[in-house]
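*Asks:* Have a look at this one.
2 protein chains.
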Amino acid sequence: MSTPAKATLGRPRLFDEEAVLAELTALFWRQGYGRTTMAEIVAASGVHKPSLYRAFGSKEELFAIVLRRYLAERMAMFAALIDRAGNGVDGIHRFLEMFEADAVSERGRDGCLMVMASNELRGTLPGYEFSTDYRRQMRERIGVLITQALPEEQADSEFARARTDLLTTYLLGLQVIMRSGADAEEIHHYLNAMHLTVDTW
Amino acid sequence: MSTPAKATLGRPRLFDEEAVLAELTALFWRQGYGRTTMAEIVAASGVHKPSLYRAFGSKEELFAIVLRRYLAERMAMFAALIDRAGNGVDGIHRFLEMFEADAVSERGRDGCLMVMASNELRGTLPGYEFSTDYRRQMRERIGVLITQALPEEQADSEFARARTDLLTTYLLGLQVIMRSGADAEEIHHYLNAMHLTVDTW
DNA sequence: TGCATTCTGTACCGAACGGTACCTTAAGCA
DNA sequence: TGCTTAAGGTACCGTTCGGTACAGAATGCA
Numbered sequence: 001m002s003t004p005a006k007a008t009l010g011r012p013r014l015f016d017e018e019a020v021l022a023e024l025t026a027l028f029w030r031q032g033y034g035r036t037t038m039a040e041i042v043a044a045s046g047v048h049k050p051s052l053y054r055a056f057g058s059k060e061e062l063f064a065i066v067l068r069r070y071l072a073e074r075m076a077m078f079a080a081l082i083d084r085a086g087n088g089v090d091g092i093h094r095f096l097e098m099f100e101a102d103a104v105s106e107r108g109r110d111g112c113l114m115v116m117a118s119n120e121l122r123g124t125l126p127g128y129e130f131s132t133d134y135r136r137q138m139r140e141r142i143g144v145l146i147t148q149a150l151p152e153e154q155a156d157s158e159f160a161r162a163r164t165d166l167l168t169t170y171l172l173g174l175q176v177i178m179r180s181g182a183d184a185e186e187i188h189h190y191l192n193a194m195h196l197t198v199d200t201w
Numbered sequence: 202m203s204t205p206a207k208a209t210l211g212r213p214r215l216f217d218e219e220a221v222l223a224e225l226t227a228l229f230w231r232q233g234y235g236r237t238t239m240a241e242i243v244a245a246s247g248v249h250k251p252s253l254y255r256a257f258g259s260k261e262e263l264f265a266i267v268l269r270r271y272l273a274e275r276m277a278m279f280a281a282l283i284d285r286a287g288n289g290v291d292g293i294h295r296f297l298e299m300f301e302a303d304a305v306s307e308r309g310r311d312g313c314l315m316v317m318a319s320n321e322l323r324g325t326l327p328g329y330e331f332s333t334d335y336r337r338q339m340r341e342r343i344g345v346l347i348t349q350a351l352p353e354e355q356a357d358s359e360f361a362r363a364r365t366d367l368l369t370t371y372l373l374g375l376q377v378i379m380r381s382g383a384d385a386e387e388i389h390h391y392l393n394a395m396h397l398t399v400d401t402w
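First to last, the protein sequences are chains A and B. Start counting the first sequence at 1; every next residue gets the next number (the working numbering). Start counting the second sequence at 202; every next residue gets the next number (the working numbering).
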């Protein structure tokens, strides 16, 4: 995707592109797109404005790069979580526990950058189909988790799909709750509702 | 709350305050707070800027007024829906159907103004405890719906509370999906997951 | 009728915004 | 070492932002 070993012509770049993108991801995540100014981006990255514009384009293009990178990372994280969760209904419990551990962490409190962006930027510029992609990819990952939890003959049933949809929607709602300032106790409380529901599966 | 029959001194106001607030609610709902400029607010309301500032204060105070008004209206609407839904598990089904009718309407596509605001404005200024209020009040209303659906001896059980929490979180997630550009079919699809879940209660 | 009070409406303000021109510096290559 | 290329860094640009000063207009009250 990126080209770390680019043309060796001219003065080499002094900043680490990946490190800068990671820093700016955290900044946008905290503040949103609209409330983050170029001055703050310059300060957080430690890179001067013209260098940022040459490397990433406009503020909007920069945010698109951040979003794409975040989506890929997030989906990889989800897949790893689901893989570690293991099979059976217990796998769902373990997944929820790992999800909670992330949710109460400093980063998790901010909810999901993608959910935030889809709320803030819906219908502004072409190319923002991120939110649809996110929902679709997240649903796919959750589908794997549900499949792991069910006996083979139910893996393709209507109930399996309904449980996938329910869990997907529930997790999106949980991210709203996380971003809206809930503390660890309240997050635990809402997660418990899904634990109890899963027990009836 | 408002004082329609105020002091009769001086020149009377030419615009209808409630109508202006309704118009501006729709504007903020569509665009969010940050992406809406005072120039657009002036255009949408048909009221000149100094009159807006005298009537509502700054842009931020205006948005706070809009949010408070929206919260009250929305909760009244929820309560009415739940009242009309009636008792038993069928009541939940009817509630979901009415919720869907609203979700696929022109307004419903934008999700929930409150969810949007809590995503966009988290931690910006004091006085934005709206998101917590919203979550708490919404959970209360859903609690009534669940209570109506259960036999009396289960109305105060742990399961009743878990179902309330699950449905609340689910509805928040659905509002994310609604705002992120899902069409009527996809909304129906995700709602079906909850219908099937409710059937197991 | 004249005064006090409140709203309308034009025209404007300083500040902050996203974005860039341009010079300097550092590298590869001949 | 001189040329080409690309990045660093300063200083600045035009626009748009939220917000307001001020004069005119419309009401109640004496």
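Heads up, the beta-carbon is just placed ideally off N, CA and C, and yes, glycines get one too. For clarity, every value in this text was computed on a predicted model and none was experimentally measured.
Going by the CB atoms, is the gap between arginine 84 (chain A) and arginine 74 (chain A) shorter than 9 Å?
*Replies:* Within the first sequence, numbered from 1, the residue matching residue 74 (chain A) stands at position 74. Within the first sequence, numbered from 1, the residue matching residue 84 (chain A) stands at position 84. No; because the gap between Cβ atoms is not below 9 Å, this pair is not in contact.
*Asks:* Can you list the residues of chain A that aspartate 366 (chain B) reaches, using a CB-CB cut of under 8 Å?
*Replies:* Indexing the second sequence from 1 puts residue 366 (chain B) at position 165. By Cβ distance, chain A contributes His189, Tyr190, Asn192, Ala193.
*Asks:* What residue does the alpha helix (DSSP H) around threonine 407 (chain B) start on, and which one ends it?
*Replies:* This structure gives no information on residue 407 (chain B), because the portion of chain B shown stretches from 202 to 402.
*Asks:* Grouping DSSP H, G and I as helix and E and B as strand, with all else coil, what is valine 47 (chain A)?
*Replies:* What you label residue 47 (chain A) is simply residue 47 of the first sequence in a count that begins at 1. Valine 47 (chain A): coil per DSSP, three-state reduction.
*Asks:* Between the stretch 353-385 of chain B and chain A, which residues of the former have CB atoms less than 9 Å from a CB of the latter, in chain order?
*Replies:* Glu359, Phe360, Arg362, Ala363, Arg364, Thr365, Asp366, Leu367, Leu368, Thr369, Thr370, Tyr371, Leu372, Leu373, Gly374, Leu375, Gln376, Val377, Ile378, Arg380, Ser381, Gly382, Ala383
*Asks:* From B:Ile242, B:Val243, B:Cys313, B:Ile347, pick the residue whose C-alpha is nearest to that of asparagine 288 (chain B); which is it?
*Replies:* Within the second sequence, the letter at position 87 stands for residue 288 (chain B). Among B:Ile242, B:Val243, B:Cys313, B:Ile347, the Cα nearest to that of asparagine 288 (chain B) belongs to B:Ile347.
*Asks:* Going along chain B, which residues have a C-beta under 7 Å from methionine 116 (chain A)?
*Replies:* Numbered from its first residue, the first sequence carries residue 116 (chain A) at position 116. Asn320, listed in chain order.
*Asks:* Tell whether a beta-carbon distance below 9 Å holds between methionine 395 (chain B) and glycine 312 (chain B).
*Replies:* Here residue 395 (chain B) corresponds to residue number 194 of the second sequence, with the count starting at 1. Here residue 312 (chain B) corresponds to residue number 111 of the second sequence, with the count starting at 1. No, these two residues do not count as a Cβ contact at 9 Å.
*Asks:* Taking only beta-carbon atoms, is glycine 312 (chain B) less than 9 Å away from chain A?
*Replies:* For the purposes of this step, residue 312 (chain B) is identified with residue 111 of the second sequence, where counting begins at 1. Judged by the 9 Å Cβ criterion, glycine 312 (chain B) is in contact with chain A.
*Asks:* In chain order, which alpha helix (DSSP H) runs of at least 4 residues are fully inside the stretch 110-139 of chain A?
*Replies:* Taken in chain order, the complete alpha helix (DSSP H) segments of 4 or more residues contained in the stretch 110-139 of chain A are 113-121.
*Asks:* Less than 6 Å between C-beta atoms, sequence neighbours within five positions excluded: which residues of the same chain meet that for glutamine 338 (chain B)?
*Replies:* By one-based count along the second sequence, residue 338 (chain B) stands at place 137. These residues qualify, in order along the chain: Met276.
*Asks:* Using a Cβ-Cβ cutoff of 7 Å, what residues of the stretch 80-112 of chain A are near chain B? List them in chain order.
*Replies:* none
*Asks:* DSSP three-state call for threonine 237 (chain B): helix, strand or coil?
*Replies:* Here residue 237 (chain B) corresponds to residue number 36 of the second sequence, with the count starting at 1. Three-state result, threonine 237 (chain B): coil.
*Asks:* Could you give the C-beta distance for threonine 200 (chain A) and threonine 401 (chain B), rounded to a whole number, given that I count them as a contact under 8 Å?
*Replies:* Here the question's residue 200 (chain A) lines up with position 200 in the first sequence. Here the question's residue 401 (chain B) lines up with position 200 in the second sequence. So it is a contact: roughly 6 Å between Cβ atoms.
*Asks:* Chain A beta carbons: is any one of them nearer than 9 Å to that of leucine 397 (chain B)?
*Replies:* Walking along the second sequence from the start, residue 397 (chain B) turns up at place 196. Closer than 9 Å: yes.
*Asks:* Note down the Cα distance separating glutamine 376 (chain B) from alanine 356 (chain B), rounded to an integer number of angstroms.
*Replies:* Residue 376 (chain B) sits at position 175 when you count from the first residue of the second sequence. Residue 356 (chain B) sits at position 155 when you count from the first residue of the second sequence. Looking at the two C-alpha atoms, the distance is approximately 27 Å.
*Asks:* Could you tell me which of B:Ala350, B:Lys250, B:Leu225 sits nearest to isoleucine 283 (chain B), measuring between CA atoms?
*Replies:* On the second sequence, position 82 is the one that residue 283 (chain B) refers to. Residue B:Ala350 is the option with its Cα nearest to isoleucine 283 (chain B).
*Asks:* What is the DSSP secondary structure of alanine 280 (chain B), reduced to helix, strand or coil?
*Replies:* As a first step, residue 280 (chain B) is located in the second sequence; it is residue number 79 there, counting from the start. Helix at alanine 280 (chain B).
*Asks:* Measure the CB-CB distance between phenylalanine 130 (chain A) and leucine 67 (chain A) and report whether it falls below 9 Å.
*Replies:* What you label residue 130 (chain A) is simply residue 130 of the first sequence in a count that begins at 1. What you label residue 67 (chain A) is simply residue 67 of the first sequence in a count that begins at 1. Yes, the pair counts as a contact, with Cβ atoms nearer than the cut-off.
*Asks:* In chain order, what residues of the stretch 32-51 of chain A put their CB closer than 9 Å to some CB of chain B?
*Replies:* Gly32, Tyr33, Gly34, Arg35
*Asks:* Is there at least one Cβ from chain A nearer than 9 Å to glycine 211 (chain B)'s Cβ?
*Replies:* Walking along the second sequence from the start, residue 211 (chain B) turns up at place 10. Chain A, which has no Cβ nearer than 9 Å to the Cβ of glycine 211 (chain B), makes this no.
*Asks:* Would glutamate 330 (chain B) pass as an interface residue toward chain A - the criterion being a Cβ-Cβ separation below 9 Å?
*Replies:* As a position in the second sequence, residue 330 (chain B) is number 129, starting the count at 1. A Cβ of chain A is located within less than 9 Å of the beta carbon of glutamate 330 (chain B).
*Asks:* For isoleucine 187 (chain A), which residues of its own chain have a beta-carbon under 8 Å away from its beta-carbon, when the five flanking residues on both sides are left out?
*Replies:* The residue you call residue 187 (chain A) lines up with position 187 of the first sequence. Cβ neighbours of isoleucine 187 (chain A) beyond the five flanking positions: Glu100, Ala103, Val104, Leu174, Ile177, Met178.
*Asks:* Does the stretch 8-15 of chain A come close enough to the stretch 42-55 of chain A that 3 or more CB-CB pairs lie under 8 Å?
*Replies:* yes
*Asks:* Looking at tyrosine 134 (chain A) and alanine 116 (chain A), is the spacing between their C-beta atoms short of 9 Å?
*Replies:* For the purposes of this step, residue 116 (chain A) is identified with residue 116 of the first sequence, where counting begins at 1. For the purposes of this step, residue 134 (chain A) is identified with residue 134 of the first sequence, where counting begins at 1. Checking the sequence shown, residue 116 (chain A) turns out to be methionine, not alanine. Cβ atoms of methionine 116 (chain A) and tyrosine 134 (chain A): not closer than 9 Å.
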